[in-house]
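Undergrad: Have a look at this one.
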Amino acid sequence: MSILLTGGLGYIGSHTAVEFLENNQDIVIIDNLSNCNIDVVDKIKLITKKDFKYYIGDVRNEDLLEKIFSENEINAVIHFAGLKAVGESVKKPIEYYNNNLLSTLTLIKVMQKHQVKNIVFSSSATVYGRAKSMPIYEDFEVTATNPYGRTKLFIEEILKDLYVSDNSYNIVILRYFNPLGAHESGLLGENPNGIPNNLMPYICKVATGELECLNIFGNDYPTKDGTAIRDYLHVVDLAKGHLKAIEKIYTNCGLKIYNLGTGIGYSVLDIVKAFNEISGNKVTYKFSQKREGDIDVCYANVDKAYKELGWKAEKTLKDMCESSYNFEINNKKNR
Ligand code: NAD
Ligand code: UFG
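Following this line, the structure appears as C-alpha cells:
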C-alpha cells in the first residue's frame with residue numbers, strides 16, 4: 000500500500016516524502032519538474048536511506064495517472080502539485096486555472112476509477128482573504144483576491160461537492176499558513192528560480208550577498224512595528240502534519256478542514272531581527288511601498304489541528320532562520 004504524492008519533489012512535498020519514508024510508509028511520487036529539480040530524488044534517498052518509486056510527468060496526463068494507479072497499490076493521495084506564485088497568477092490566470100484545476104479533476108477521475116477515496120489537499124491561508132478578525136478559525140468566510148487563491152477556493156469547492164455526492168470519501172483540506180525553513184541536512188529547501196517573491200528566500204540571498212538589500216513592503220501597517228504580520232511555520236513541522244492527516248483519513252473521517260500554522264504572528268522586522276541574530280547582521284533592509292494585495296495581519300487559530308489531529312508545530316523561529324540559511328549556503332556552494 001502506497002501513498003501517492005503529487006508534486007512530491009517540490010518544497011513541501013519533498014520534506015513530506017522524507018517524513019513518510021522515515022516512518023516506514025511507502026510512497027510514490029509524480030512531478031513534472033516545472034518548479035523543482037530532479038536531483039531532489041537522490042537527496043530524499045540520501046537523507047532517508049530508503050528507496051521509492053517516482054514518475055516524471057504531468058498530473059493532467061490521464062494515461063500516466065492510469066499507469067501509476069495500475070502499477071502501484073495506491074490507497075491515498077496527497078495532492079501538492081500546483082502553481083503557486085500569486086503575482087504570476089495575475090499575469091497568467093489561464094495557465095493557473097489550467098494547471099491547478101485540470102490536474103485536480105484528472106486526478107479525481109482516475110482515483111474514482113480505481114476506487115481510491117482518500118485525499119489530502121494542499122490549500123492555503125490565502126482562502127481567508129482579509130479576515131474579519133484574528134486569529135483565523137477554519138469556519139471563517141472564504142474568498143479569493145487573485146487567480147491563484149481562486150484555484151484553491153475552487154478546488155476546495157470541488158472536493159466538498161465530491162463528498163456530498165459520495166460520503167464514503169475521506170478528504171482532508173489543509174490550509175497552510177507561511178512555511179519557512181529547510182531540512183536539517185541542508186539538502187532540501189526552497190529554491191525558487193530568479194529573484195524570489197517570498198520573504199525568507201529573499202532574505203537568504205541578501206545574507207549571502209547575491210542580492211543587495213531587502214525591501215520591506217510597508218512600514219505603516221497598524222501593527223506593533225508598522226510591518227506586516229504572518230504566521231510562519233517550519234516546513235518540517237508542516238510535513239509532519241501530513242502524517243497526521245493521513246492517520247486521520249484512516250479513521251474514515253469524512254471531510255475535514257484544518258489550519259496548519261503556529262498560531263503566532265511575527266512581523267517582517269521580527270523575521271529580519273531573528274535572521275540577523277543567527278547570521279551576524281548580514282541582512283540590510285530598507286522600507287519601500289506596500290506590495291499590492293498584501294494584507295496587514297494573518298495568523299491562525301490552530302486548536303482544531305491539535306485537538307483532532309494531535310498535531311502542533313514545534314520548531315522555533317530561530318530553527319526556521321538557521322535551517323534556511325544553512326540550506327542557502329549549501330545550495331550556493333553546489334550551484
Ligand atoms: P512547489 O512549487 O515547490 O511544489 C509543487 C510541485 O508540483 C513542484 O515540484 C512542481 O514541479 C509540481 N507540479 C506543478 N504542477 C504540476 C503538474 N501539473 N503535474 C505534476 N507536477 C506539478 O510548491 P510548494 O511550496 O511545495 O507547495 C505545495 C503545495 O502547497 C502547492 O499546491 C501550493 O499551492 C500549496 N501551498 C504552498 C504554500 C507556500 O507558501 N509554499 C502556502 C500555501 C499553500
Ligand atoms: N515581504 C517583504 N519583502 C519581500 C518579500 C515579502 O517585505 O521581499 C513581506 C510581505 O509584504 C509580507 C511578508 O513579507 O508581509 C510575507 O510575504 P511572503 O511573500 O513570504 O508571503 P505571503 O504572506 O505574501 O504569501 C504566502 C504565499 C501565498 C500563500 C500565503 C498564505 O506566497 O501563496 O503565504 O499561505 F497564500
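For the sequence shown, numbering that gives the first Met the number 0 puts the final residue at 334, and the numbers step up evenly by one. Heads up, the beta-carbon is just placed ideally off N, CA and C, and yes, glycines get one too.
1. Should residue 263 go down as buried or exposed, given a rule of 16 or more other Cβ atoms within 10 Å for buried?
2. Does the stretch 18 to 34 come within contact of the stretch 49 to 65, defined as at least 3 CB pairs closer than 8 Å?
3. Only counting the same chain, and skipping five residues up and downstream in sequence, which positions put a Cβ closer than 6 Å to that of residue 19?
4. How long is the line joining the alpha carbons of residue 113 and residue 280, rounded to whole angstroms?
5. Within a Cβ cutoff of 6 Å, which residues of the same chain sit near residue 254, ignoring the five residues on either side of it in sequence?
6. Considering only residues of the same chain and omitting the five flanking positions on each side of residue 4, which have a CB-CB separation below 7 Å?
7. Is the Cβ-Cβ distance between residue 283 and residue 212 less than 7 Å?
8. Leaving aside the five residues before and after residue 51 along the sequence, list all residues of the same chain whose C-beta is less than 6 Å from its C-beta, in chain order.
9. Should residue 321 go down as buried or exposed, given a rule of 16 or more other Cβ atoms within 10 Å for buried?
10. What are the boundary residues of the beta strand (DSSP E) that residue 5 is part of?
11. Can you grab the Cα-Cα spacing for the pair residue 69 / residue 35, in whole Å?
12. I'd like to know if the stretch 188 to 200 and the stretch 143 to 161 are in contact, where contact means that at least 3 CB-CB pairs between them fall below 8 Å.
13. Quick check on residue 309: buried or exposed, where buried means 16 or more other Cβ atoms within 10 Å of its Cβ?
14. Could you check whether the Cβ of residue 83 sits closer than 6 Å to any heavy atom belonging to ligand 1?
15. Flag residue 178 as yes when its Cβ comes closer than 6 Å to any non-hydrogen atom of ligand 1, and as no otherwise.
16. Closest to residue 119 by C-alpha separation, out of 7, 185, 306, 319, would be which residue?
17. Can you give me the start and stop residues for the alpha helix (DSSP H) that residue 27 sits inside?
18. Please identify the residue among 38, 167, 41, 136 whose C-alpha is closest to the C-alpha of residue 248.
19. Assign residue 320 to one of three DSSP states: helix, strand, or coil.
20. For residue 144, which option in 333, 234, 294, 303 has the closest C-alpha, if you only look at C-alpha atoms?
21. In this structure, does DSSP put residue 258 in helix, strand or coil?
22. I'd like to confirm something about residue 30: is its beta-carbon nearer than 6 Å to some heavy atom of ligand 2, or not?
23. For a test of the three-state rule: what should DSSP assign to residue 182, helix, strand or coil?
24. When DSSP labels each residue in this structure, what does residue 149 get in the three-state scheme?
25. Going by DSSP in three states, residue 36 sits in which element: helix, strand or coil?
26. Just the C-alpha distance for residue 116 and residue 315, rounded to the nearest angstrom, thanks.
27. Use the C-beta contact count for residue 0: other C-beta atoms within 10 angstroms, 16 or more gives buried, fewer gives exposed.
28. Taking the beta strand (DSSP E) that residue 176 falls in, what are its first and last residues?
29. Are there 16 or more other CB atoms within 10 angstroms of the CB of residue 336, so buried, or fewer, so exposed?
TA: Quick answer:
1. Classification for residue 263: buried.
2. Yes: at least three Cβ pairs fall under 8 Å.
3. Result list for residue 19: 26, in chain order.
4. Their Cα atoms are separated by approximately 54 Å.
5. Same-chain partners within the cutoff: 162, 170.
6. Excluding sequence neighbours, residue 4 sits near 12, 15, 16, 26, 28, 77, 79.
7. Yes; because the gap between Cβ atoms is below 7 Å, this pair is in contact.
8. In the same chain as residue 51, and ignoring 5 residues on each side of it, the C-beta atoms closer than 6 Å to its own belong to 26, in chain order.
9. Buried: at least 16 other Cβ atoms inside 10 Å.
10. 1 to 5 is the extent of the beta strand (DSSP E) around residue 5.
11. Computed Cα separation, rounded: 26 Å.
12. Touching, no.
13. Exposed.
14. Relative to the non-hydrogen atoms of ligand 1, the Cβ of residue 83 comes within a distance shorter than 6 Å of at least one.
15. At a threshold of 6 Å, residue 178 counts as near ligand 1, since its beta carbon sits closer than that to one of the ligand's heavy atoms.
16. Here the closest residue by C-alpha is 7.
17. For residue 27, there is no enclosing alpha helix (DSSP H); the residue is found in the beta strand (DSSP E) stretching over 25 to 30.
18. Across the set 38, 167, 41, 136, the C-alpha of 167 shows the shortest separation from the C-alpha of residue 248.
19. Looking at residue 320 - three-state DSSP - the assignment turns out to be helix.
20. The residue with the shortest Cα to Cα distance from residue 144 is 294.
21. In the structure shown, the three-state DSSP call for residue 258 is strand.
22. The answer is no for residue 30.
23. Correct three-state label for residue 182: coil.
24. If DSSP states are grouped into helix, strand and coil, residue 149 belongs with the helices.
25. If DSSP states are grouped into helix, strand and coil, residue 36 belongs with coil.
26. Going from the Cα of residue 116 to the Cα of residue 315 covers about 35 Å.
27. That one is exposed.
28. Secondary structure note for residue 176: it is in no beta strand (DSSP E), with a DSSP letter that is neither H nor E.
29. The question about residue 336 has no answer here: the residues shown for the chain are numbered 0 through 334.
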